[in-house]
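A.B. asks: Numbering (the working numbering), first residue to last: 28 to 234. All C-beta atoms, glycine included, are put in the ideal place defined by N, C-alpha and C.
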Amino acid sequence: MNIVLLGAPGAGKGTQAAKLIEEYNLPHISTGDMLRAAVKAGTELGLKAKGYMDAGDLVPDDVIIGLVTERLQEPDTEAGFILDGFPRTSAQAVALDAELSKLERPLDAALLIDVDPEVIVGRLCSRRMCRECGHIGTVADATCPKCGGEMYQRDDDNEATVRNRLDVYEKSTSPLIDYYRGCELLVTIDGDRDPDVVYADVKEALA
Ligand code: AMP
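1. Quick one: give me the first and last residue of the beta strand (DSSP E) that Met156 is part of.
2. Under the three-state reduction of DSSP, which class applies to Leu94: helix, strand or coil?
3. Decide if the region 82–93 is in contact with the region 149–158; the criterion is three or more beta carbon pairs, one per stretch, under 8 Å apart.
4. Per DSSP, which residues does Ser128 bridge with? Please list them.
5. Give me the Cα-Cα distance between Arg158 and Leu62, rounded to the nearest whole angstrom.
6. How about the region 63–79 and the region 96–116: do they share at least three Cβ pairs that are nearer than 8 Å?
7. Would you identify the three-state DSSP class for Asn191, choosing helix, strand or coil?
8. If you measure from each residue's Cβ to the nearest non-hydrogen atom of the ligand AMP, which ones come out under 5 Å, in chain order?
9. Going straight from the alpha carbon of Leu213 to that of Pro133, what length do you get?
10. Suppose the cutoff is 7 Å on Cβ atoms and the five residues either side in sequence are ignored; what does the same chain contact list for Gly218 look like?
11. Checking 9 Å against the spacing of the C-beta atoms, do Asp103 and Ser57 come in under that value?
12. Tyr207 and Pro36: beta carbons closer than 9 Å?
13. According to DSSP, is Glu177 part of a helix, a strand, or is it coil?
14. Figure out for me which residue from Ile216, Ile163 and Asp184 has the closest Cα to the Cα of Thr42.
15. If we ignore side chains and look at the alpha-carbon of each, how far apart do Ala169 and Asp60 end up?
16. Measuring only the C-alpha atoms, how far is Leu138 from Ile216?
17. Alpha carbon to alpha carbon, how far is Cys171 from Ala106?
18. Sorted by chain position, which residues of the same chain lie with C-beta nearer than 6 Å to Ala118's C-beta, five sequence neighbours on each side aside?
Spelled out as structure tokens, the structure:
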């Protein structure tokens, strides 16, 4: 199963990806997670990406396309993958198509988790993540409900940056909705509901 998760930042792509991974045992390719790991490790990629990420802007296409292309060469992706946060621009979508057709592994679906932008601002400003396992929680979680780890607020989850990320999404990423609709791969799911209810629809879409 080769899946792309589309949706604005904070729509719940990471939460749905976590459920899919648990059930289908597929690798989760989250470009945001990969970049955050690079920033934490202080690699050349991390140093290059940090300024863009802190401002809520997109990391340049060539950097991110190279990262995902390399990741797709790894054997664990042969049985399928969940792409989360990629593609985010038309150039990335075209590069992904080219790579997947070279690998003879076409996409099965592009799932759009659809949430109103104002709901997202509230969600992201109160979002917290676990430093240990990456669990996505809220400001109400003093420690991680999954592993007991420390919860923290991402540097880019403040209101000004969130609003910029939503603008960037509207301009650069939302055109991909039409792109995948044109390829007959798009499935739109209302993401403004309990995550388990959203997941039931995700599963139905993939059945
Ligand atoms: P995310 O965790 O998906 O919200 O990504 C956090 C940040 O990483 C974004 O605001 C961008 O700065 C950067 N980023 C993640 N994925 C991409 C991508 N596909 N293209 C460009 N920048 C990205």
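C.D. replies: A quick look at the data gives this:
1. Per DSSP, Met156 belongs to the beta strand (DSSP E) from Arg154 to Cys157.
2. Here Leu94 sits in helix by DSSP.
3. no
4. Beta-bridge pairing links Ser128 to no other residue.
5. Computed Cα separation, rounded: 15 Å.
6. no
7. helix
8. Pro36, Thr58, Gly59, Leu62, Tyr79, Met80, Leu85, Val86, Ile91, Gly112, Phe113 and Arg115
9. 14 Å
10. Within the same chain, Gly218 has close Cβ partners Gly34, Ala38, Gly39, Ile140, Asp141, Val142 and Val225.
11. no
12. no
13. strand
14. Out of Ile216, Ile163 and Asp184, Ile163 has the C-alpha closest to the C-alpha of Thr42.
15. Each residue's alpha carbon lies about 22 Å from the other.
16. 7 Å
17. 31 Å
18. Asp88
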